[in-house]
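Residue numbers (our numbering): 430 to 772.
Here a beta-carbon is modelled for each residue, glycine too, at the ideal position from N, C-alpha and C.
Right, one structure below, let's go through it.
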């Protein structure tokens, strides 16, 4: 009998540990953000948000005091991080107490009991920061939350259009929009660069463009701007690929049936490799300060907390076998391969 009780206790303990490993919270140290809660939601198949969001969460919590919870796409069978799992977001309840949400999502369709927490957050008019594919965050939602298939267009101000620069061959140089340089979100931000390509994008009326993305001839920061002509997908008219350059960072205030008064920052930059750029990290940290009612620092500390060496983007190119516990404070990203147990 004692053996059975011990066995049962072991099972409960193991189950609890498994459940706890579905998401991770980094408690905020002392800092301006102390007492503020940020939820970072990863979930895209290509751009390694499962690596980027923990890195940002560590910076926000350890450098600036925000308590950060990172949510992941979790494989239901293995309990491991699996960006190809588009219908599971454990820990969504954390959204109920969030002061800010940062998304890096692509074509998700969570079940209603999980999606409700996200929808309620947005409908409450709370702030949002969207990275890269968050313009097309959801697809295939049905029933009550089907309208959120248009979330990117309606809330972030743009949906999926197409790649504007050449994918994996033409990188992006960020150029601050004329007249936007005094915006607090750009405080201390310079030398923006991403090795992802520019998206075709036309932010909705009322958006404030902060940065445009110059398409480069190659994949290095020093490469020359591209100079060919291209037809826009929107109206089939031809223009120089950088004349004008497409917007890659903008802000807006959302005011529609999705939410009233949401402060929004959207950037079509934002892969894990893009976020090796100090200026891009600072832009996001600045928005976290501003959107939670804090004064934006002159030059926010965005130094990595733990070593950050992200994988290059690509479909099915994620670290297979990666567990949430691998992303704890004090841990560097595990080396490949993981699936066979080697780290």
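Worksheet item: Beta-carbon separation of residue 601 and residue 700 under 7 Å?
Response: Against a cut-off of 7 Å, the Cβ pair of residue 700 and residue 601 comes out as no contact.
Discussion item. Considering just the uninterrupted stretch of the beta strand (DSSP E) at residue 675, what are its terminal residues?
Written reply: Looking at the DSSP string, the run of the beta strand (DSSP E) that includes residue 675 is 675-685.
Fill in: Helix, strand or coil at residue 711 [DSSP, three-state]
When secondary structure is reduced to three states using DSSP, residue 711 falls in the helix class.
Worksheet entry | DSSP-derived helix/strand/coil call for residue 592 | In this structure, DSSP gives residue 592 an extended state, which the three-state scheme calls strand.
Worksheet item: Based on Cα-Cα distance, which residue from 498, 609, 621 lies nearest to residue 638?
Response: It is 609 whose Cα lies nearest to the Cα of residue 638.
Worksheet entry | Where residue 528 falls: helix, strand or coil (DSSP) | It is coil, neither helix nor strand.
Worksheet item: Using the C-alpha atoms, what's the distance from residue 667 back to residue 510?
Response: Between the alpha carbons of residue 510 and residue 667 lies a distance of about 42 Å.
Worksheet entry | Opening and closing residue of the beta strand (DSSP E) in which residue 641 lies | Per DSSP, the continuous beta strand (DSSP E) segment holding residue 641 begins and ends at 637-644.
Worksheet entry | Extent of the continuous beta strand (DSSP E) run through residue 559 | Run containing residue 559: 557-560, per the beta strand (DSSP E) assignment.
Worksheet entry | Beta-carbon proximity list for residue 690, same chain, < 6 Å, skipping 5 on both sides | Here the set comprises 554.
Practice prompt. Enumerate in chain order the residues of its own chain whose CB-to-CB distance from residue 538 is below 7 Å, with the five nearest sequence positions on each side excluded.
Written response: Listed in chain order, the non-local C-beta contacts of residue 538 below 7 Å within the same chain comprise 515, 516, 567, 568, 569, 570, local neighbours out to five positions each way being set aside.
Worksheet item: So which of 587, 496, 457 has the shortest CA-CA distance to residue 400?
Response: Outside the modelled stretch of the chain, which goes from 430 to 772, sits residue 400, for which no answer is possible.
Practice prompt. Helix, strand or coil for residue 439, going by three-state DSSP, please let me know.
Written response: The predicted position of residue 439 is uncertain, since its pLDDT is 39 and thus under 50; a value taken from the coordinates is nonetheless stated next. Correct three-state label for residue 439: helix.
Practice prompt. Determine the burial state of residue 759: buried for a count of at least 16 other Cβ atoms within 10 Å of its Cβ, exposed for fewer.
Written response: Under a 10 Å Cβ-count criterion, residue 759 is classified as exposed, with fewer than 16 other Cβ atoms of the shown protein chains found around its own Cβ.
Worksheet item: What do you get for residue 611, buried or exposed, if any count of 16 or more other CB atoms within 10 angstroms of its CB means buried?
Response: Burial call: exposed.
Worksheet item: From 628, 550, 682, pick the residue whose C-alpha is nearest to that of residue 634; which is it?
Response: The shortest Cα separation from residue 634 among 628, 550, 682 belongs to 682.
Worksheet item: Taking one C-beta from the region 488-505 and one from the region 706-714 each time, how about it: are there three or more such pairs within less than 8 Å?
Response: Contact between the region 488-505 and the region 706-714 is present, with at least three C-beta pairs closer than 8 Å.
Worksheet entry | CB of residue 594 within 7 Å of CB of residue 644, strictly | Yes. Within cutoff.
Worksheet item: Skipping 5 residues on each side, what residues in its chain have a beta carbon closer than 6 Å to that of residue 476?
Response: So the qualifying residues of the chain are 561, 700, 742.
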